[in-house]
Structure formats: structure tokens, C-alpha cells
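For reference, the structure discussed in these notes is given below.
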Amino acid sequence: MLLIVAFVIFLSEGPWSLLGPPLFALCVYIFSLERGLLSRQLSAPPFRQLGIWSYSIYMIHMLMLTLLTVTLRFAERMFHTPLHAAESEGRRIELFSVGSALANNTAVIIFLLAVVIAASLSFRFIENPCRRYANSV
-5 MLLIVAFVIF
5 LSEGPWSLLG
15 PPLFALCVYI
25 FSLERGLLSR
35 QLSAPPFRQL
45 GIWSYSIYMI
55 HMLMLTLLTV
65 TLRFAERMFH
75 TPLHAAESEG
85 RRIELFSVGS
95 ALANNTAVII
105 FLLAVVIAAS
115 LSFRFIENPC
125 RRYANSV
């Protein structure tokens, strides 16, 4: 994992970027053996449950991010307070801020929890019943 982190931080551009695919393939192979400390930690029940819900998380996160963005834009207009505006490499990007770094981090954690909760409900009431139905026909 440290090699991957170092690669992404220091060597992911230029000719060194060609080392990315074999390095990531090696990482996938090593983790497929499930023998290390990190693999054991990721086998804990909370992480297994997140793995079960992963497709639902994938399917619902963008919808929720879009709803959050629309809500924040509405709040900007309603309260006449800009919550975003930044420029990176000559192009405008949206960085919403709800105040301090602590408030922003809290908002991100709440959003992530909301995504996981919505995904668990989506898994239970949509994905799982649809899978059972599809397997029965």
C-alpha cells in the first residue's frame, strides 16, 4: 500500500506513469491472497457489509451528489450567500463551503453516511428483490 501511495503522490506523471498498471496489478494480486494485516482488517463485518452494498453505493452516490449540489445552489439564492467559487488551472470549479474546515469535514462525513444509509435501503428494497426476481425467471 505504501508503494501505491508513493507512486500516486510522486511518480504518476510522465514516463514513470507506465509503471502504474503493473504496480496496480501486483497490488491486486497481493490483496487477492488475503494474508496481510490490512486484508484481515478489511475482512471485518463492517467492511464486508460495505462490500455487499457497494453496487448500491455506486448507483446512488451520483444522484445524491447532484441533489446536494442543487440544494446548495438553492440555499445560495435563498440566503444570498455564495457557497462556492474557485478556479483551478484556468477553469472554474465548484468547491462548496459551509464555513470552517471542521464544518466542511462534518458535512462530508454526514453526506457519506447518508449515501451508505440510502444505499443500504436501496439494496434491501430494490437491488435484492430485483436480483431474486431475475434469478427466479
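Counting from 1, position 119 in the sequence shown corresponds to residue 113 in the numbering used here; the numbering is continuous, with no gaps. Beta carbons are placed, not taken as given, at the ideal position from N, Cα and C, and that holds for glycine.
#### Entry: Span of the alpha helix (DSSP H) around Arg29
Reading the sequence shown from its first residue, position 35 is the one you call residue 29. No alpha helix (DSSP H) holds Arg29; DSSP gives it neither H nor E.
### Query
Would you call Trp47 buried or exposed, if buried means 16 or more other Cβ atoms sit within 10 Å of its Cβ?
In the sequence shown, the residue the question calls residue 47 occupies position 53. Buried is the call here.
#### Entry: Nearest-angstrom Cα separation, counted from Thr65 out to Ile87
Numbered from its first residue, the sequence shown carries residue 87 at position 93. Numbered from its first residue, the sequence shown carries residue 65 at position 71. Computed Cα separation, rounded: 17 Å.
### Message
Tell me whether the stretch 66 to 80 and the stretch 7 to 25 touch, counting them as touching only if at least three CB pairs, one residue from each stretch, are closer than 8 Å.
### Response
In short, these stretches do not touch, since the Cβ pair count stays below three.
### Alpha carbon of Asn122 to alpha carbon of Ser6, nearest angstrom
Residue numbering aside, residue 122 sits at position 128 when the sequence shown is read from its first letter. Residue numbering aside, residue 6 sits at position 12 when the sequence shown is read from its first letter. C-alpha separation (whole angstroms): 39 Å.
### Close Cβ partners of Ala112 (< 7 Å) along its chain, the five nearest in sequence each way excluded
What you label residue 112 is simply residue 118 of the sequence shown in a count that begins at 1. Result list for Ala112: Ile54 and Met58, in chain order.
### Message
Please report the straight-line C-alpha distance between Cys(-5) and Arg118, rounded to a whole angstrom.
### Response
Taking the first residue of the sequence shown as position 1, residue -5 is located at position 1. Taking the first residue of the sequence shown as position 1, residue 118 is located at position 124. Here the sequence assigns Met to residue -5, which means Cys is not the residue at that position. Using only the alpha carbons, I get a separation of about 33 Å.
### Query
Straight-line CA distance for Arg34 to Ser50?
In the sequence shown, counting from the first residue as 1, residue 34 sits at position 40. In the sequence shown, counting from the first residue as 1, residue 50 sits at position 56. Approximately 24 Å, taken between the alpha carbons.
### Query
First and last residue of the beta strand (DSSP E) that includes Arg67?
Translated into the one-based positions of the sequence shown, residue 67 becomes position 73. Run containing Arg67: none in the beta strand (DSSP E); it sits in the alpha helix (DSSP H), Ser48 to Phe73.
### Task
Kindly indicate the opening and closing residues of the alpha helix (DSSP H) around Arg125.
One-based indexing of the sequence shown puts residue 125 at position 131. Element bounds for Arg125: Asn122 to Ser130.
### Query
Where do the N-terminal and C-terminal ends of the alpha helix (DSSP H) with Ile3 fall, by residue?
Walking along the sequence shown from the start, residue 3 turns up at place 9. That residue, Ile3, is in no alpha helix (DSSP H); it is neither H nor E in DSSP.
### Task
Taking 8 Å as the cut-off, decide whether the C-beta atoms of Leu17 and Leu32 are in contact.
By one-based count along the sequence shown, residue 17 stands at place 23. By one-based count along the sequence shown, residue 32 stands at place 38. In this structure, Leu32 does not lie closer than 8 Å to Leu17 by Cβ.
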